[in-house]
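*Asks:* For the sequence shown, the tail end lands on 258 under the UniProt record's numbering, and the numbers increase by one without skipping.
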Amino acid sequence: MAFVEPQPELPLGDYRRYGRQMILDRFGLQGPFIKFDAVNHPSYIHVGQLKLQNASVVIVGAGGLGCPALQYLAAAGVGTIGIIDHDVVEISNLHRQVLHTEERVGMAKVLSAAEAVKHLNSRVRINPITAALTPLNALELLAPYNLILDCTDNFPVRYLLSDTAVRLGKPLVSGAALQWEGQLCTYNLPPKGEQAGERGPCYRCLFSKPPAPETSGTCEGMGVLGVVTGVIGNLQALEAIKIITGLHGTLESLRFYE
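1) Just to check my reading of the structure: Gly-61 and Thr-152 have Cβ atoms closer than 8 angstroms, yes? What is that Cβ distance to the nearest angstrom?
2) Can you give me the C-alpha to C-alpha distance between Gln-185 and Ile-59, rounded to a whole angstrom?
3) Where do the N-terminal and C-terminal ends of the alpha helix (DSSP H) with Asn-234 fall, by residue?
4) So within the region 69 to 146, which uninterrupted alpha helix (DSSP H) runs reach at least 4 residues, ignoring any that extend past its ends?
5) Taking the alpha helix (DSSP H) that Leu-175 falls in, what are its first and last residues?
6) Gln-183 bridges to which residues according to DSSP?
7) Report the three-state DSSP secondary structure of Leu-65 (helix, strand or coil).
8) Output the boundary residues of the beta strand (DSSP E) element that contains Ile-59.
9) Taking the alpha helix (DSSP H) that Leu-161 belongs to, which residues open and close that run?
10) Looking only at C-alpha atoms, which of Gly-230, Ile-241, Asn-234 and Thr-164 sits nearest to Tyr-203?
11) Considering only the alpha carbon of each residue, which of Arg-255, Val-89 and Thr-134 lies closest to Ile-175?
12) Alpha carbon to alpha carbon, how far is Gln-53 from Leu-147?
13) Nearest-angstrom Cα distance between Glu-140 and Gly-66?
14) Mind the definition here: the region 96 to 107 touches the region 222 to 234 only if three or more C-beta pairs lie below 8 angstroms; say whether that holds.
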């Protein structure tokens with residue numbers, strides 16, 4: 001599994017590429033710095049962008065939520081992104097899974113998504129993993145990453161992700177979308193300030209056991225508007241960026257969109 005080597009500073013070219021987000025107030029908390037090398041040439045450091053460059057995120061699910069989350073995390077400059085999914089692209093996916101194309105119907109979703117992102121930001125390292133997440137492989141697949149995004153559509157995997165994130169001590173950003181509605185949750189957040197040493201509640205803390213199968217709907221059975229998955233997936237990317245750069249709040253959040 002390949003990762004981008006941590007860098008002590010940003011190359012100057014990144015200021016042109018990411019400059020519109022690097023000038024944001026509080027981005028990275030500590031702002032921009034300038035230091036000089038041995039021959040008095042300036043090199044520039046921006047803490048927020050450097051944190052993104054040195055971060056690693058794993059997205060579980062390359063569908064309606066995972067596609068926009070992956071697209072915007074790559075565009076923002078996250079250095080290494082893993083994408084886990086065992087499924088292949090189908091024509092019925094294309095109204096909401098916007099990284100895939102007609103030409104890639106039948107291709108593994110993770111390979112299709114990786115191909116799309118390669119043309120968006122060639123400096124981001126994408127690790128496509130064509131596999132179903134199971135209790136046997138979850139620790140091995142998720143452990144190398146700093147942050148986990150739950151972009152799945154079934155409850156057994158959601159609980160597996162929550163339990164594994166708690167065991168690994170990793171933050172989890174979870175999204176869901178069905179029909180006209182969406183949900184965004186952040187769990188197991190890293191401590192800040194006076195909370196040092198303490199992590200927040202997990203998915204299982206909020207929902208102690210999975211719902212009965214007959215009471216949980218699916219996109220296939222109940223439908224979903226593609227734009228709704230885009231909204232939630234992008235909000236997952238936003239929460240991930242906030243956590244990586246230290247701009248997240250001190251409390252977990254549960255948000256509903258309709």
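Don't be surprised by glycine CBs; every beta carbon is placed ideally from N, CA and C.
*Replies:* Inspection of the coordinates gives the following:
1) 4 angstroms
2) The question names Gln, yet the displayed sequence has Cys at residue 185. So the two alpha carbons sit approximately 15 angstroms from each other.
3) 226 to 245
4) 109 to 120 and 138 to 142
5) First, the residue type needs correcting, since residue 175 is Gly and not Leu in the sequence shown. Taken as a continuous stretch (DSSP letters only), Gly-175 belongs to no alpha helix (DSSP H), being part of the beta strand (DSSP E) at 172 to 178.
6) Ala-176 and Phe-256
7) coil
8) 56 to 60
9) 155 to 168
10) Thr-164
11) One point to set straight first is that residue 175 is Gly, not Ile, in the sequence displayed. It is Arg-255 whose Cα lies nearest to the Cα of Gly-175.
12) 14 angstroms
13) 20 angstroms
14) yes
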